[in-house]
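Down below is the structure, laid out as structure tokens.
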Amino acid sequence: MTSALNIGDVLQQRKLITAAQLKQAKTARKPTERLEQCLVRLGFINERDYLNIYSEQLSIPFVEITELKIDPELLKQTPSKVVHRDRVIPIDRENGTIRVATSNPFNLYAFDELRMLMGAKIETVLATSDEISRVIKQHYGVGGHTVEAMIGDAGAGIEVIGDVDADNADLIEQAQEATVVKLVNEILLEAIRDRASDVHIEPFEHDLKIRYRIDGVLHTTNVPPEIRRFHSAIISRIKILSNLNIAEKRLPQDGGFKIKAQNRDIDLRVSIIPTAFGGAVVMRILDKQSVLLSLGQLGLMDEALAGVEALIHQPYGIILVTGPTGSGKTTTLYAALNTIRSDEIKILTVEDPIEYYLDGIQQVQIKPHIGLTFASGLRSFLRHDPDVILVGEIRDLETAEVAINASLTGHLVFSTLHTNDAVTATTRLLDMGVEPFLVSSSISGVLAQRLVRQICKHCREEFTPAKSELPTDMKIEPGQKFFRGAGCRDCRNSGYRGRLGIFEMLTIDDEMRNLIVQRKSATDILAVARRKGLKVMREDGFTKVIKGMTTIDEIVRVTKINVEALS
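Using the numbering used here, read the sequence shown as starting at 3 and increasing by one per residue.
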């Protein structure tokens, strides 16, 4: 039988670790830490490596617990305290024997306690701790153990805040309770683990929903029903972290705070609005240390990629990236800056907020409450001798005029605009009040974009769609292959993991400049652009469907048929 003392030797014999790594782990091992756990912590092996050895040596089956059907009635009968404390999951009961999944086969005390409490023989199987945690969250909800502790301690320190006015000191005391702090931490940590971009906390009359936006789509996460009782404490905790007034419940509030999780610095933007049943919160997760993508990795291909690369290497002019909120505009601009940055040029950015930190680039956060706006920041920038300027967003006439003047005085300006496609960007600037001759002489090009979910690489499969499932405007070759995600553990059974962009690149030439000066409509500009070979977003999306990168459903979800574009 393999014991904790010789598991390291077995791992070394199987060439899973080296003698130096084993020696390092023995030195770095904490007093109560098992050797194999230390090896995992140091990154030398993964948990499956040593569980497979224990499975062989102890004759305990290793299972994929997320693929098993767990008896919900058995879970209800099992004391949740044991499940949470010892990280064990009862799977099923057969002939008086309960099969229990664990990642620690040496936790004999837990098995004995379960045997006495359940009045049945216990048979163990092995599963990874991550899989066990996932099943616990699925059945007991995120923060289930913490909520249970809060309910148990309710008479001894935690007082649930109702609709009655409470003293600020009471609100602060409750929000700072260790269990409330832990619960908010668990909600955030789970969101970060799931790669969520936003956390939504939504109160209803008898329920509190927590939803994570993952790859652009909201997913409701399982939480204990009792969490509704602690809604006010959760909101107060988030307000304290965000330096907001916890006594203000009538007006919307915006703030933010920073956390360190999984050795990464993460910023959270917080927005709280008063609803009929209490404060609703949305927290935007900004990972400042996210890996910067290249233009190609974003999904730019062919004409769009060539067009963007040509524009960003010009000495002056304005390059606009358009799309709705959350369409990846800022990420595209960062990728463009990352492509051209060098010691020979000076790049300045004015943003709200700074989403990622870029080496070698001066970045400024706007602060409207003290008069530091996009326009005022941009004016100051011009005295700092920049070559390239990024303006987070053109929101008004003042910002638009300063950005245009910057481009006309020899600077390359990047910015974003909220429009649905590329051709309406110029008409939007005209609607703001910018003179047509200024728009025509300053805008070099417009890139419109949307984000679609990528097919999960782990469960990608080929399939043949029915003719009725194909959009009428999609041109396909006979025998064309299509792909989709079957759904697996890595993609939360959604069939998708990660996102990429679909794009529409409009380069402004002399003919289009004349149309802009004449205040021609977006439809007229589109007709000329199509004649010159413009590929609209929907067509770019269909190209990525045929390449097996995304699905028809995703393209249909984020784009619409443009009759003018297809005529």
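Using N, Cα and C, we set each Cβ at its ideal position, and we do this for glycine too. On a predicted model such as this, the values are computed, not experimentally measured, just so you know.
Beta-carbon spacing of residue i, residue j below 7 Å
i	j	result
A129	I100	no
F383	I372	no
P1	I518	In the structure displayed, the chain extends from 3 to 569; residue 1 sits before or after that span and is not available.
L322	A198	no
G435	L410	no
R230	L210	yes
A112	E204	no
A450	E506	yes
V415	A405	yes
Y134	I91	Before going on, a small fix: residue 134 reads as Ile here, not Tyr. Going by C-beta atoms, I134 is nearer than 7 Å to I91.
N27	L44	According to the sequence displayed, residue 27 carries Ala and not Asn. In this structure, L44 lies closer than 7 Å to A27 by Cβ.
K537	E305	yes
F46	Q79	no
Of the residues the options, the one placed nearest residue i, counting alpha carbons only
i	options	result
S417	K139, R501 and D354	D354
Y336	Y318, P81, V310 and G319	V310
S57	A22, T126, S238 and L24	T126
N224	H202, R501, S238 and V454	H202
L339	L295, A306 and P326	L295
L77	A306, L116 and L453	L116
E556	G503, G412, I320 and V425	G503
L453	R95, V425, L44 and L302	L302
D73	H86, R95, A531 and I62	R95
R584	G328, S273, I457 and T68	Outside the displayed range of the chain (3 to 569) lies residue 584, so it cannot be described from this structure.
N48	E471, M514, L13 and L528	L13
T421	P226, D88, L41 and D433	D433
S378	L360, A402, I314 and D389	A402
K549	F484, P326, R397 and Q255	F484
K71	I368, D217, V137 and T324	V137
T466	V558, Q456, V547 and R532	V547
R50	C40, I406, R43 and F64	F64
P317	S446, D304, A193 and I124	S446
V448	D200, L419 and C461	L419
I356	L270, I248 and Q520	L270
F259	E38, K251 and S273	S273
Backbone secondary structure at residue i - three-state DSSP
i	result
P438	helix
T525	helix
M514	helix
Y498	strand
E250	coil
Q367	strand
R197	coil
I160	In this predicted model, I160 has a pLDDT of only 34, less than 50, meaning its place in the structure is not dependable enough to derive any value.
K83	helix
F108	coil
D132	helix
T126	strand
K211	strand
H139	His is not the amino acid found at residue 139; the sequence shown has Lys there. K139: helix per DSSP, three-state reduction.
M476	coil
Q23	helix
D167	Interpretation of D167 is limited by its pLDDT of 42, a score under 50 that renders its predicted location unreliable; the figure taken from the coordinates is listed afterwards. DSSP places D167 in coil when its eight states are reduced to three.
D155	Residue placement at D155 is poorly supported in this model, since its pLDDT is 49, which falls under 50; the coordinates are not used for a value here.
Start-to-end residues for the beta strand (DSSP E) that takes in residue i
i	result
M551	Unbroken run through M551: none, as it is neither H nor E.
A488	No beta strand (DSSP E) contains A488, which DSSP labels as neither H nor E.
Y359	That residue, Y359, is in no beta strand (DSSP E); it is neither H nor E in DSSP.
I268	R266 to T277
H221	V219 to T223
T324	G319 to T324
I445	I445 to I457
E400	E400 -> not in any beta strand (DSSP E); alpha helix (DSSP H) instead, spanning L399 to L410.
Cβ-based burial, residue i [other Cβ within 10 Å; buried from 16]
i	result
S523	exposed
F108	exposed
D155	Bear in mind that the predicted position of D155 carries a pLDDT of just 49, short of 50, making it too unreliable to give a figure here.
H233	buried
K241	buried
M118	exposed
Q15	exposed
D217	buried
D165	Interpretation of D165 is limited by its pLDDT of 39, a score under 50 that renders its predicted location unreliable; no figure is taken from the coordinates.
R486	buried
V219	exposed
T553	buried
R1	The shown model of the chain, from 3 to 569, leaves out residue 1, and the question about it has no answer.
Cutoff 7 Å: residue i Cβ touching any chain D Cβ
i	result
T474	Here chain D cannot be found, since the structure has a single protein chain.
Unbroken alpha helix (DSSP H) run spanning residue i, endpoints
i	result
E58	E49 to L60
T419	According to the sequence provided, residue 419 is Leu. The question's Thr does not apply to it. Taken as a continuous stretch (DSSP letters only), L419 belongs to no alpha helix (DSSP H), being part of the beta strand (DSSP E) at L414 to L419.
V42	L37 to R43
Heavy atom of the ligand GDP within 6 Å of residue i beta-carbon
i	result
L288	The ligand GDP is not part of the structure shown, which contains no ligands of any sort.
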